[in-house]
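Heads up: the structure comes next, in structure tokens.
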Amino acid sequence: MKSNKRVLKHLASSFYLFYIVSLLGLVSVVFSFFMDLFYDWDGAVEMRFKVISSFVELPTNFTMPDGSKFDGVGEFYILPRVLEINNLSYWILSWLDQFVLFGVAVFLTKQLKEVFGSISLASESNLFFVRKNYTRIKRVSLISIIFCIYVFIESTIYSYLFLEDLHVMDIAIHVHPDFSVLFGIFPALIILAIAQVYKAGIDMKEESDLTI
Numbered sequence: 004m005k006s007n008k009r010v011l012k013h014l015a016s017s018f019y020l021f022y023i024v025s026l027l028g029l030v031s032v033v034f035s036f037f038m039d040l041f042y043d044w045d046g047a048v049e050m051r052f053k054v055i056s057s058f059v060e061l062p063t064n065f066t067m068p069d070g071s072k073f074d075g076v077g078e079f080y081i082l083p084r085v086l087e088i089n090n091l092s093y094w095i096l097s098w099l100d101q102f103v104l105f106g107v108a109v110f111l112t113k114q115l116k117e118v119f120g121s122i123s124l125a126s127e128s129n130l131f132f133v134r135k136n137y138t139r140i141k142r143v144s145l146i147s148i149i150f151c152i153y154v155f156i157e158s159t160i161y162s163y164l165f166l167e168d169l170h171v172m173d174i175a176i177h178v179h180p181d182f183s184v185l186f187g188i189f190p191a192l193i194i195l196a197i198a199q200v201y202k203a204g205i206d207m208k209e210e211s212d213l214t215i
């Protein structure tokens, strides 16, 4: 039991630390945005694209461990993660993306620190099942799902609107959305299931209290 209490306290402390770090990150993003807006912006912005390319055939050569050499054509993915672009619209989109990322991080870590902080305090009185925590856990799940969908929509927009005519070293690169970002929905659904189990525990406790 004492071991469980220590774990809960460590989790509460860890998420509190993560919350402070993400909050500082959000503040630094806002500060940097206004610094760029009024003082430092040189017209360039680094756009981070969440897309993946189709296979691209490129000349390839390498030496194998036995000393034999390969000299031919290989198939590769090109992942255009960061491009520097001189465009105001892209600059706004880049900052919006950072705001959303850190905003979601602040929201999720805040909910989790409150959940584990509440459970850690409840370990003294055995009042683990409270509706506020159910609401917090459910929020974590729903915001995580919404964020995954947001990232996928963003990836789709980048693929079909912003990077439709992409060339690297005179080679045409065809990109498409990165469907792997949708796998983040599955952990979020597990958290939602945990929230429902937690809610069932609350309902059972309330029924027990009424019976007594």
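Residue numbering for the sequence shown follows our numbering, starting at 4 and increasing by one per position. Quick reminder that beta carbons are idealized off the backbone N, C-alpha and C, glycines included. Only a predicted model underlies this, so the values are computations on that prediction, with no experimental measurement involved.
Original post:
Is the distance from the Cβ of GLY204 to the Cβ of PHE132 below 7 Å?
Top reply: Residue 204 sits at position 201 when you count from the first residue of the sequence shown. Residue 132 sits at position 129 when you count from the first residue of the sequence shown. Yes. Within cutoff.
Subject >> Own chain residues within Cβ distance below 6 Å of SER16, not counting five before or after >> reply: Counting from 1 along the sequence shown, the entry for residue 16 is found at position 13. For SER16, where only same-chain residues beyond five positions count, there are no Cβ hits under 6 Å.
**OP:** Using three-state DSSP, classify ASP168 as helix, strand or coil.
**Re:** Start at 1 with the first residue of the sequence shown, and residue 168 comes out as number 165. In this structure, ASP168 counts as coil in the three-state DSSP scheme.
Subject >> Those residues which DSSP pairs with GLU78 across a bridge >> reply: By one-based count along the sequence shown, residue 78 stands at place 75. Its beta-bridge partners are GLU60.
**OP:** Might you give, ordered along the chain, the residues of its own chain that have their beta carbon closer than 7 Å to the beta carbon of GLN101, omitting 5 neighbours on each side?
**Re:** Taking the sequence shown and counting its residues from 1, the one referred to as residue 101 is at position 98. The residues are VAL32.
**OP:** State buried or exposed for LEU61, treating a residue as buried only when at least 16 other CB atoms are found within 10 Å of its CB.
**Re:** The count along the sequence shown starts at 1 and reaches residue 61 at position 58. Exposed, by the Cβ-count rule.
**OP:** Quick one: grab the DSSP three-state call for VAL133.
**Re:** Against the sequence shown, residue 133 aligns to sequence position 130. If DSSP states are grouped into helix, strand and coil, VAL133 belongs with coil.
**OP:** Kindly give me the distance between the Cβ atoms of TYR22 and LYS116, rounded to whole angstroms, as I take these residues to be in contact under 8 Å.
**Re:** If you number the sequence shown from 1, residue 22 lands on position 19. If you number the sequence shown from 1, residue 116 lands on position 113. Sure, about 5 Å apart at Cβ, within 8 Å.
Original post:
What's the C-alpha gap between LEU27 and ALA108?
Top reply: What you label residue 27 is simply residue 24 of the sequence shown in a count that begins at 1. What you label residue 108 is simply residue 105 of the sequence shown in a count that begins at 1. LEU27 and ALA108: Cα-Cα distance of roughly 11 Å.
Subject >> Residues near TYR19 by beta carbon distance below 6 Å, same chain, minus five either side >> reply: Taking the sequence shown and counting its residues from 1, the one referred to as residue 19 is at position 16. Around TYR19: LYS116.
Subject >> Cβ-Cβ distance between SER147 and ASP181 below 7 Å >> reply: Residue numbering aside, residue 147 sits at position 144 when the sequence shown is read from its first letter. Residue numbering aside, residue 181 sits at position 178 when the sequence shown is read from its first letter. Contact: no.
**OP:** Have a look at PHE58 and ASN136 and give me their C-alpha separation to the nearest angstrom.
**Re:** Against the sequence shown, residue 58 aligns to sequence position 55. Against the sequence shown, residue 136 aligns to sequence position 133. When rounded, the distance between both Cα atoms is 46 Å.
**OP:** Report yes or no: do the segment 80-89 and the segment 167-183 share at least 3 C-beta pairs separated by less than 8 Å?
**Re:** yes
**OP:** Since I believe VAL143 is in contact with LEU111 (beta carbons under 8 Å), could you give me their beta-carbon distance rounded to a whole number of angstroms?
**Re:** Within the sequence shown, numbered from 1, the residue matching residue 111 stands at position 108. Within the sequence shown, numbered from 1, the residue matching residue 143 stands at position 140. Contact holds; Cβ gap of about 6 Å.
Original post:
Buried or exposed: where does TYR42 fall if 16 or more other Cβ atoms within 10 Å of its Cβ makes it buried?
Top reply: As a position in the sequence shown, residue 42 is number 39, starting the count at 1. Per the 10 Å Cβ criterion, exposed.
**OP:** Please list, in chain order, all residues of the same chain as MET38 whose beta carbon is under 7 Å from its beta carbon, the five residues on each side excluded.
**Re:** As a working note, residue 38 is residue 35 in the sequence shown. For MET38, where only same-chain residues beyond five positions count, there are no Cβ hits under 7 Å.
Subject >> Contact belief for LEU166 with VAL54 at Cβ below 8 Å, rounded distance in angstroms >> reply: In the sequence shown, counting from the first residue as 1, residue 166 sits at position 163. In the sequence shown, counting from the first residue as 1, residue 54 sits at position 51. Contact flag correct, Cβ pair sits at about 6 Å.
Original post:
For LYS208, which three-state DSSP category applies?
Top reply: Here residue 208 refers to the residue found at position 205 when the sequence shown is read from its first residue. LYS208: helix per DSSP, three-state reduction.
**OP:** With distances taken Cα to Cα, identify the nearest neighbour of THR138 among VAL76, ILE88, PHE105 and LYS202.
**Re:** Translated into positions along the sequence shown, residue 138 becomes position 135. When only C-alpha atoms are compared, the closest one is LYS202.
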